[in-house]
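Novice: If you count the sequence shown from 1, you need to add 32 to reach the numbering used here. All C-beta atoms in this analysis are idealised placements derived from N, C-alpha and C, irrespective of residue type, glycine included. Predicted model, so just to flag it, every value in this text is computed and none were measured.
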Amino acid sequence: MKIKSLLLGSAAAMMAVSTAQAADIIIPEPEVVEYVRVCDAAGTGFFYIPGTETCLRIHGYVRYD
33 MKIKSLLLGS AAAMMAVSTA QAADIIIPEP EVVEYVRVCD AAGTGFFYIP GTETCLRIHG
93 YVRYD
């Protein structure tokens, strides 16, 4: 009976120590998201590629019979 109490007590102590350490973990701040900006210098429909100063326009035509 004494061994069983000793095992249960040590298991409870280990659980308490592990949860206390988990609360001290520092979570890094998330990175800032860079959204797409409108590029007025090249004309309508252009946008800047995130992380660059390059303007891009994607367009096309669809035909069907």
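#1: Pick out whichever of Pro-82, Leu-39, Thr-76 and Ile-81 has its Cα sitting closest to the Cα of His-91.
#2: Give me the residue from Arg-89, Pro-62, Val-65 and Pro-60 with the minimum Cα distance to Cys-71.
#3: Measure how close the beta-carbons of Val-68 and Phe-78 come, nearest whole angstrom, since I'm counting them as under 8 Å.
#4: Identify which residue in Glu-61, Ala-73, Val-65 and Tyr-93 has its Cα closest to the Cα of Gly-83.
Specialist: From the atom records:
#1: By 1-based counting over the sequence shown, the position of residue 91 is 59. For His-91, the nearest C-alpha among the options comes from Thr-76.
#2: Residue numbering aside, residue 71 sits at position 39 when the sequence shown is read from its first letter. Ranking the options by Cα distance to Cys-71, first place goes to Arg-89.
#3: Taking the sequence shown and counting its residues from 1, the one referred to as residue 68 is at position 36. Taking the sequence shown and counting its residues from 1, the one referred to as residue 78 is at position 46. Contact between Val-68 and Phe-78 does not hold, since the beta-carbon distance rounds to 11 Å and is not under 8 Å.
#4: Counted from its first residue, the sequence shown places residue 83 at position 51. Answer by Cα proximity: Val-65.
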